[in-house]
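Student: In terms of the working numbering, the sequence shown opens at residue 57 and continues consecutively.
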Amino acid sequence: MVIVQSVSNTKKTFVIRKGRDYGISKGQISLFSTVDISFTARATEVTRYYSLWSLIDKEATVPFKINEIVTYTSSLERIWSEVALSKLREVEKKQEDSYLRNIVRGYVNLRASWGISLSQSTSEVQAESLESRTSIHLEATYSKRINRHLEFGGGVRFDSDTAKGVNPERSIPSTRNFLIGDVTYHFNQIRNTRSHIYAGLGAGIGKSSTEVGDSTKSGSATLLPYFRLGYETAPDKASYAFIAELQIENIVANEEFTTGDEQSTGIVNSKFSVGIRF
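1. If you measure between the beta carbons of F96 and G75, is that distance less than 9 Å?
2. Go ahead and label R232 buried or exposed: buried means 16 or more other beta carbons lie within 10 angstroms of its beta carbon, across all protein chains shown.
3. Within a Cβ cutoff of 7 Å, which residues of the same chain sit near K67, ignoring the five residues on either side of it in sequence?
4. Which of the three DSSP states, helix, strand or coil, is assigned to Q151?
5. In the DSSP assignment, find the beta strand (DSSP E) that holds Y282 and state where it starts and stops.
6. With a 10 Å radius around its C-beta and 16 neighbouring C-beta atoms as the bar for buried, classify V222 as buried or exposed.
7. Taking the beta strand (DSSP E) that S64 belongs to, which residues open and close that run?
8. With H, G and I counted as helix, E and B as strand and the rest as coil, what does DSSP make of R73?
9. Find the nearest neighbour of A290 within the set F70, S251, Y155, judged by alpha-carbon distance.
10. Use the C-beta contact count for Y282: other C-beta atoms within 10 angstroms, 16 or more gives buried, fewer gives exposed.
11. Going by alpha carbons, who is nearest to D238 out of V63, T321, I323, G209?
12. Give me, in chain order, the residues of the same chain whose beta-carbon lies closer than 7 Å to that of Y254; leave out the 5 immediate sequence neighbours on both sides.
13. Mind checking which residues open and close the beta strand (DSSP E) that includes D215?
14. Pull up the distance between the alpha-carbon of A140 and that of M57, whole angstroms please.
15. Would Y128 and S86 qualify as a contact pair, given that the criterion is a beta-carbon distance under 9 Å?
16. Rounded to whole angstroms, what's the CA-CA distance from N123 to I59? Just pull it up for me.
17. Applying the 10 Å Cβ sphere with the 16-neighbour rule, what's the burial state of N325?
18. Give the straight-line distance between the Cα atoms of D113 and D153, rounded to the nearest whole angstrom.
19. Considering R247, what are the terminal residues of the beta strand (DSSP E) in which it resides?
20. S173 and R161 - do their beta-carbons sit closer together than 9 Å?
21. Tell me, to the nearest whole angstrom, how far the beta carbon of Q61 is from that of V71; I am working on the premise that it is less than 8 Å.
22. Taking the continuous beta strand (DSSP E) assigned at T331, which residues delimit it?
23. Hey, out of K82, L108, I159, whose CA is closest to Q245's CA?
24. Could you check if R157 is buried or exposed, using at least 16 other CB atoms within 10 Å of its CB as the buried criterion?
25. To the nearest angstrom, report how far apart S185 and I228 are at their CA atoms.
26. Let's see if you can read the secondary structure: which residues bound the beta strand (DSSP E) around E305?
27. Can you tell me which residues form a DSSP beta bridge with P229?
28. My understanding is that R213 touches G260, with C-beta atoms under 8 Å, so please give their C-beta distance in whole angstroms.
29. So if DSSP puts E120 in a beta bridge, which residue, or which two residues, is it bridged to?
If you want it as structure tokens, here you go:
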């Protein structure tokens, strides 16, 4: 590390507080760098304690300020190694900036899901009288990705499911509409692809309606929480991406018949979803 003593008005030369006592000789080429920039310079004047340096690149200007502390490298092997690393870092930074400009924006997300219940229960109904429950879900959300990893979104979801009852055999259809919100964490891109894995956590509130024989019950429903693990991939140069997801969720519906009788239904679903985002 060295201290910049002064910088010329032309920004083409500068003086550092190191000279012959530090092993600097006239004509020596060294590398000077900060966190943001690196360049080579030649020692044109050297005294015991100070040295004057001129930029090798005639088009460049000295970016340092007086009394700024900068990194100094005198080994030729290290200089070219540092220059190569500096160029590589510059290329990587440009690629990162370009990547972030493309992904940090708003998205419309459309999903279709097929689900099956892992467990279900309804108050005042014996568990063995409900055999299975399958469902289809349609979802539309708008989300905002705020950096490389985090994304926040919200939207609407429509559920249609059917519970199969036994003793007696019957089908019990339900519909639900939700307002949903979630947060998604995107993992890094898979090397040399436009694909990556992500995970999301969300919740929702809405309304539920169920037909039981000739009767209908309706009320509120909560979706809390749901967890999704997904895979996103995009064709080269495309502004859209395809998604596939596995999801686990918990739904609770509190419904009331027209007679005033209340029932609470709890469902744990597993789902597979496919969709597109753009």
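Think of the CB as a built atom: it goes at the ideal place given N, C-alpha and C, for glycine as much as any other residue.
Tutor: Working from what's here:
1. Here residue 96 is taken as the residue at index 40 of the sequence shown, counted from 1. Here residue 75 is taken as the residue at index 19 of the sequence shown, counted from 1. According to the sequence shown, residue 96 is Thr rather than Phe. Result no, Cβ atoms of T96 and G75 do not sit closer than 9 Å.
2. Position 176 of the sequence shown, counted from the first residue, corresponds to residue 232. By the 10 Å Cβ count, R232 comes out buried.
3. Indexing the sequence shown from 1 puts residue 67 at position 11. Excluding its 5 nearest sequence neighbours in each direction, K67 has C-beta neighbours in its own chain below 7 Å: T117, V118, listed in chain order.
4. The residue given as residue 151 occupies position 95 in the sequence shown. The three-state reading of DSSP puts Q151 in helix, counting H, G and I together.
5. Reading the sequence shown from its first residue, position 226 is the one you call residue 282. Unbroken beta strand (DSSP E) run through Y282: 271-289.
6. The residue you call residue 222 lines up with position 166 of the sequence shown. By the beta-carbon neighbour count (other beta carbons within 10 angstroms, threshold 16), V222 is exposed.
7. Here residue 64 is taken as the residue at index 8 of the sequence shown, counted from 1. Here S64 belongs to no beta strand (DSSP E), and DSSP marks it neither H nor E.
8. The residue given as residue 73 occupies position 17 in the sequence shown. In this structure, DSSP gives R73 a state outside helix and strand, which the three-state scheme calls coil.
9. Here residue 290 refers to the residue found at position 234 of the sequence shown. Its Cα nearest to that of A290, the residue S251 stands out among F70, S251, Y155.
10. Taking the first residue of the sequence shown as position 1, residue 282 is located at position 226. Its Cβ being crowded by 16 or more others within 10 Å, Y282 is buried.
11. The sequence position of residue 238 within the sequence shown is 182, counting from 1. Nearest C-alpha to D238: G209.
12. Sequence index remark: in the sequence shown, residue 254 carries index 198 (1-based). So the qualifying residues of the chain are T240, Y241, H242, F243, G286, E288.
13. Taking the first residue of the sequence shown as 1, we reach residue 215 at position 159. First-last of the beta strand (DSSP E) with D215: 206-221.
14. If you number the sequence shown from 1, residue 140 lands on position 84. If you number the sequence shown from 1, residue 57 lands on position 1. Rounded to whole angstroms, A140 to M57 spans 20 Å at the Cα level.
15. As a working note, residue 128 is residue 72 in the sequence shown. As a working note, residue 86 is residue 30 in the sequence shown. A contact, by the Cβ cut-off of 9 Å.
16. In the sequence shown, residue 123 corresponds to position 67, counting from 1. In the sequence shown, residue 59 corresponds to position 3, counting from 1. N123 and I59: Cα-Cα distance of roughly 6 Å.
17. Looking up residue 325 in the sequence shown gives position 269. N325 counts as buried, since no fewer than 16 other beta carbons sit within 10 angstroms of its beta carbon.
18. Against the sequence shown, residue 113 aligns to sequence position 57. Against the sequence shown, residue 153 aligns to sequence position 97. Rounded to whole angstroms, D113 to D153 spans 26 Å at the Cα level.
19. Locating residue 247 in the sequence shown gives position 191, counting from the first residue. First-last for R247: undefined, no H or E at that position.
20. On the sequence shown, residue 161 is found 105 positions in, with the first residue counted as 1. On the sequence shown, residue 173 is found 117 positions in, with the first residue counted as 1. No, these two residues do not count as a Cβ contact at 9 Å.
21. Translated into the one-based positions of the sequence shown, residue 61 becomes position 5. Translated into the one-based positions of the sequence shown, residue 71 becomes position 15. A Cβ-Cβ separation of about 4 Å places Q61 in contact with V71 under the 8 Å criterion.
22. Within the sequence shown, numbered from 1, the residue matching residue 331 stands at position 275. Looking at the sequence shown, residue 331 is not Thr but Gly. Here the beta strand (DSSP E) through G331 covers 318-333.
23. Here the question's residue 245 lines up with position 189 in the sequence shown. Relative to Q245, the option among K82, L108, I159 whose CA is nearest is I159.
24. Taking the first residue of the sequence shown as position 1, residue 157 is located at position 101. Around the Cβ of R157, a 10 Å sphere holds fewer than 16 other Cβ atoms; the residue is exposed.
25. Residue numbering aside, residue 185 sits at position 129 when the sequence shown is read from its first letter. Residue numbering aside, residue 228 sits at position 172 when the sequence shown is read from its first letter. Roughly 12 Å separates the two Cα atoms.
26. Within the sequence shown, the letter at position 249 stands for residue 305. Start and end: 297-313.
27. Taking the first residue of the sequence shown as position 1, residue 229 is located at position 173. In DSSP, P229 forms a bridge with T218.
28. Start at 1 with the first residue of the sequence shown, and residue 213 comes out as number 157. Start at 1 with the first residue of the sequence shown, and residue 260 comes out as number 204. Contact holds; Cβ gap of about 6 Å.
29. The sequence position of residue 120 within the sequence shown is 64, counting from 1. Sequence inspection shows Phe at residue 120; the Glu mentioned does not correspond to that position. For F120, no pairing in a beta bridge is given by DSSP.
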